[in-house]
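Colleague: In terms of our numbering, the sequence shown opens at residue 6 and continues consecutively.
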Amino acid sequence: MTTPQVQNIMAWYANLSPTSLQDIAKYYADEARFKDPFNEVQGLKAIRAIFEHMFATTQYPKFTFEEVIEQESKVFLTWQFHFGLRGKSYIVKGGSMLTFDAQGLIIDHRDYWDAAEELWEKLPIVGGLVGWLRRRFKVTI
6 MTTPQVQNIM
16 AWYANLSPTS
26 LQDIAKYYAD
36 EARFKDPFNE
46 VQGLKAIRAI
56 FEHMFATTQY
66 PKFTFEEVIE
76 QESKVFLTWQ
86 FHFGLRGKSY
96 IVKGGSMLTF
106 DAQGLIIDHR
116 DYWDAAEELW
126 EKLPIVGGLV
136 GWLRRRFKVT
146 I
């Protein structure tokens, strides 16, 4: 059973838009930390800038959630991030570990996803090199 607090956060992310981004302080503490394969920042202004960049550089970004694991002040969410880039659709699968403070705000947000497999390998030019590297280091039995 998912708590109302986590349901609210998932709903906010599922409907995230440049307009709803203004509500970030309802979900994140002032000095919250955020880390993903490309960014490591602290503070609402910096976290908001990451999402503003997402809206500026992708088309129709949307998060859908698959699984939720809650334990005390921590939640792990698995998700799919759907977006367009230069007219082509992409899906990145990953997970987020969220840690909450006593007020129920996120104080630490860590995203886990494989940038090589989920993104770079799907892109023209770069994808060929990443695929070659993956084949080169793969163990064959």
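Yeah, the Cβ is synthetic: ideal placement off N, Cα and C, and Gly gets one too.
Please read all numbers here as calculations on a predicted model, not as lab measurements.
Check the DSSP bridge columns for residue 103 and list the partner residues they point to.
Modeller: When DSSP reads this structure, residue 103 sits in a beta bridge with 80, 114.
Colleague: Expressed to the nearest angstrom, what Euclidean distance is found between the alpha-carbon atoms of residue 50 and residue 56?
Modeller: 10 Å
Colleague: Return the first residue and the last residue of the alpha helix (DSSP H) that residue 40 is part of.
Modeller: Where residue 40 is concerned, there is no enclosing alpha helix (DSSP H), although the beta strand (DSSP E) it sits in stretches over 33-40.
Colleague: Using only the alpha-carbon positions, how far apart do residue 153 and residue 87 sit?
Modeller: With the chain covering 6 to 146 only, the question about residue 153 has no answer from this structure.
Colleague: Using the DSSP secondary-structure output, state which residues sit across from residue 89 in a beta bridge.
Modeller: Answer by DSSP bridge pairing, in chain order: 64, 94.
Colleague: Between which two residues does the beta strand (DSSP E) containing residue 47 stretch?
Modeller: 45-47
Colleague: For the putative contact between residue 71 and residue 8, defined by C-beta atoms under 8 Å, what is the C-beta separation to the nearest angstrom?
Modeller: Between residue 8 and residue 71 the Cβ distance is about 17 Å, and since that is not below 8 Å, they are no contact.
Colleague: Less than 8 Å between the C-beta atoms of residue 82 and residue 32, yes or no?
Modeller: no
Colleague: Helix or strand or just coil, what does DSSP make of residue 29?
Modeller: helix
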